[in-house]
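**Q**
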């Protein structure tokens with residue numbers, strides 16, 4: 001007598017499981033040393049015609065300190081994007097806009113929006129989350145629908 005069962009296969013790479021258009025972290029999981037400073041990217045995944053974003057990234061201040069947020073290449077043209085970051089203690093607000101080069105008024109595709117440097121304050125697991133309150137707009141300031149707002153798992157040891 002044979003007993004058979006299907007063995008499930010799981011893909012734990014949230015970036016590829018995201019339903020675009022999306023705002024995601026890359027990578028979505030990182031093992032780090034407690035007390036160390038590390039980096040993670042917030043990426044656009046197949047977003048078309050975006051001229052600006054408001055990203056609300058939530059974190060647990062008992063486990064994580066945000067050190068720096070730097071604009072990535074997604075909004076880069078002949079002009080560097082304008083980014084404003086405000087740390088509210090349990091979340092940061094990132095405002096970033098495409099500065100037109102006179103030809104194009106928006107960015108399209110996939111790429112790094114910002115790179116976030118964080119310090120893991122103590123051992124344990126924690127998450128960074130992109131809130132569904134985040135907004136993406138086109139050149140006419142009309143909202144674009146995002147299907148996925150990603151998360152990032154920090155495993156500090």
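Numbering (full-length UniProt numbering), first residue to last: 1 to 157.
All C-beta atoms, glycine included, are put in the ideal place defined by N, C-alpha and C.
Small disclaimer: the values here were computed from a predicted structure and weren't measured.
Ends of the beta strand (DSSP E) at residue 79?
**A** Looking at the DSSP string, residue 79 is not in any beta strand (DSSP E), and its letter there is neither H nor E.
**Q** What number of angstroms, rounded off, separates the C-alpha of residue 156 from the C-alpha of residue 36?
**A** 9 Å
**Q** Could you compute how far the alpha carbon of residue 60 sits from the alpha carbon of residue 40?
**A** 16 Å
**Q** According to the neighbour-count rule (16 or more other Cβ atoms, all chains shown, within 10 Å of its Cβ), is residue 158 buried or exposed?
**A** The requested residue 158 is not part of the displayed model; the chain covers only 1 to 157.
**Q** Can the beta-carbon of residue 130 be found closer than 8 Å to that of residue 30?
**A** no
**Q** Report yes if the CB atom of residue 51 is closer than 8 Å to the CB atom of residue 112, and no otherwise.
**A** no
**Q** Any beta carbon from chain E within less than 8 Å of residue 29's own beta carbon?
**A** In summary, chain E is missing from the structure at hand, where a single protein chain is found.
**Q** Residue 118 bridges to which residues according to DSSP?
**A** Beta-bridge pairing links residue 118 to 38, 66.
**Q** For residue 20, which of 28, 43, 33 has the nearest alpha-carbon?
**A** 43
**Q** With respect to the beta strand (DSSP E) encompassing residue 22, which residues constitute its N-terminal and C-terminal limits?
**A** 22-26
**Q** Measuring CA to CA, which of 123, 17, 83 is closest to residue 116?
**A** 83
**Q** Around the C-beta of residue 1, are 16 or more other C-beta atoms found within 10 angstroms, so that it is buried, or is it exposed?
**A** With a pLDDT of 47 at residue 1, under the threshold of 50, the modelled position of this residue cannot be trusted, and the question is left open.
**Q** Does the separation of the CB atoms of residue 106 and residue 138 fall below 8 Å?
**A** Between residue 106 and residue 138, the C-beta gap is smaller than 8 Å, which places the two residues in contact.
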